[in-house]
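First comes the structure, then the notes that go with it.
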Amino acid sequence: MSAFLAGAVWRILSVGQTGVDNGPSPCHGADCAASDIPFGNFSGHNINPCDDFRSYVCSWWKPLDRFPELTISAQSDLVVKWIEGFGSMLETGAAVDKSGVGQKVSQFYHSCMARTERTQGDADAFVAFIRTIGLTWPEMPPSGVRAMGMILELNYRLAMPLWFSLSVSRSAAQSGLRRLVLKPCCLGRLRFILWRNQQAVNKGLYYDYWVAHYEALLGRKSVSRDRNEINDLAREEAHIAEKLAQLSEVFPSVPLLLRFSDIGSHTKRVSSNDWLSQVNKYIVGNEGGRTFTPEDELLVSDESVLSTIDSLLGWYTREKLVDHLSWQFVQMHAWIVDSTLLEMWGQNYWQIYEPILCARETEVVYRPVVAALYVAQIVTPQQRSQLDGNFTDLRNVAAKMYASSTWFDQASRSVAIEKLGAMSVGLWPPRALLRSKQAADHVR
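What the sequence shown shows, in mature numbering (1 follows the signal peptide of the UniProt record, and there is no 0), is residues -16 to -1, 1 to 428, in sequence order.
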């Protein structure tokens, strides 16, 4: 849903560029109302969004009544509101896109929304796919599996982050070096996992919930796991999800930058060599790219990310962790094969949540193209350049303020200015994806 957030930032910065003193406050009048729509109609706040946008959005925030399990924050509300217009956004993009790729994405979304009858063949294909990527549900995995490798595989190759967000970039400071960036992710998904877990456990239905997936996907009644095993799985799910959700709530976070050769000093259960070999196997893989070296960098949003990973790897065996990951994958995607699995949470659950679930699946598969279709509809090339210029101006002003400050020592001023100078902000999809032919090539 990063495309929506990019559009949101554009609206705020394009309002802010006029300056608070040179015109009416953006918190009042028709302009405010128009700009407020994507943010939940928060007009009337006494806080100027150009002074403190976080407080402006969050001070009066209340969860959306129709999605209480999903709207856990003001930001999640924004995403839900954007999803509600997801189908029409794709249709608009498909109507003006000459390459046909927009039509392809729109058809994918609407085929998901059509609740057609699925067959056992569909279920068999789903279970077979699980096995091809190294997951083992419904059985326990064999000994010797690599839990960290599976986490990296799901995160990077399948765009399904469960433990953290992962990206690869070039080192800003060292030419030729690469940087792996780890940070918390998926707070909304984790909170939803915890809600779903609590609902099933409190009603004494977790075992029945697991069995429903077993019968729907395998088409047989003889269950291969006993009740105690499944109840253990429920406890593990709640514990792991809570630990990972806490990472998103660390404030203030203190970034940690280190070389691959030094990671092992922060993760006792995963050595530096293991990190390097797993990253090269599951991220570089068979793509033929340059492998990571001990001199390449790891940037972590906070040291707690590494310590939490290490503690979970110590708390559970590798087999237990892969079993947990397999079950998470099944819960996230099995409804595509049999949407009646959702009816455990309510008779009309599918009808209520179908746009959100289908938008999520479409966005994961076609993320770069969805971003390109959305951005092309909300901003012109000139406006994109204008916003990029606003960020540059903001960075330069901040650097000048640091340089002229009297309450920082010289060393601190120099470090702050250097960091600002190295800062790079990328809001938009690659330029190639904003052109029809290249977008079509991307999804072939």
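We treat Cβ as the ideally placed atom computed from N, Cα and C, and that holds for glycine.
- With a beta-carbon spacing of about 7 Å, A383 and G405 fall inside the 8 Å limit used to define contacts.
- For K167, the enclosing beta strand (DSSP E) begins and ends at 162 to 167.
- Counting C-beta pairs with one atom in each stretch, the segment 295 to 315 and the segment 65 to 72 have fewer than three that are closer than 8 Å, which means they do not touch.
- Listed in chain order, the beta strand (DSSP E) runs fully inside the segment 251 to 329 are 281 to 284, counting runs of at least 3 residues.
- The segment 256 to 269 makes no contact with the segment 338 to 351: fewer than 3 CB pairs, one atom from each, lie closer than 8 Å.
- In chain order, L138 place their CB closer than 6 Å to the CB of M144, counting only its own chain and leaving out the 5 sequence neighbours on each side.
- At the C-beta level, A225 and L174 come within 8 Å of one another.
- With a cut-off of 8 Å on Cβ pairs, the segment 284 to 292 is in contact with the segment 226 to 233, counting three or more such pairs.
- For S95, the enclosing alpha helix (DSSP H) covers residues 85 to 97.
- Using a C-beta cut-off of 8 Å, the segment 365 to 375 makes no contact with the segment 76 to 95, since fewer than three inter-stretch Cβ pairs fall below that distance.
- Here D192 is exposed, its C-beta having fewer than 16 other C-beta atoms within 10 Å.
- Beta-bridge partners assigned by DSSP to V152: L164.
- The distance from the Cβ of V321 to that of A200 is about 7 Å, consistent with a contact at the 8 Å cut-off.
- About 7 Å separates the beta carbon of I114 from that of S310, a gap short enough to meet the 8 Å contact definition.
- D61 and S127 have their C-alpha atoms some 42 Å from each other.
- Taking the Cα positions, I401 is about 20 Å away from R154.
- With contacts defined as CB atoms closer than 8 Å, L136 and E279 fail to qualify as a contacting pair.
- R102 has no beta-bridge partner at all, per DSSP.
- Under DSSP, R243 shares a beta bridge with E281.
- Judged by DSSP in its simplified three-state form, G71 adopts helix.
- Spanning the alpha carbons of I340 and W391 requires a straight line of approximately 49 Å.
- Taking a contact as a CB-CB distance under 8 Å, the pair L164 and V263 counts as one, their CB atoms being some 6 Å apart.
- Of the residues assessed, I177 falls on the buried side of the cut-off, its CB having 16 or more other CB atoms within 10 angstroms.
- Secondary structure at A355: helix, using DSSP grouped into helix, strand and coil.
- Pairing P352 with D210, the inter-Cα distance amounts to about 43 Å.
- At a Cβ-Cβ threshold of 8 Å, A222 and N181 count as neighbours.
- Residue environment for A387: exposed (fewer than 16 other C-beta atoms within 10 angstroms of its C-beta).
- Shown here for S151: same chain residues with a beta carbon closer than 6 Å to its own, the five before and five after excluded, namely V165 in chain order.
- For R130, there is no enclosing alpha helix (DSSP H), since its DSSP letter is neither H nor E.
- Contact check for W412 and V359: beta-carbon distance about 6 Å, within the 8 Å limit, so the pair qualifies.
- Sequence-distant Cβ neighbours of P125 in its own chain, meaning closer than 7 Å and more than five residues away, are E303, V306, D307.
- For L136, the secondary structure class from DSSP, reduced to helix, strand or coil, is helix.
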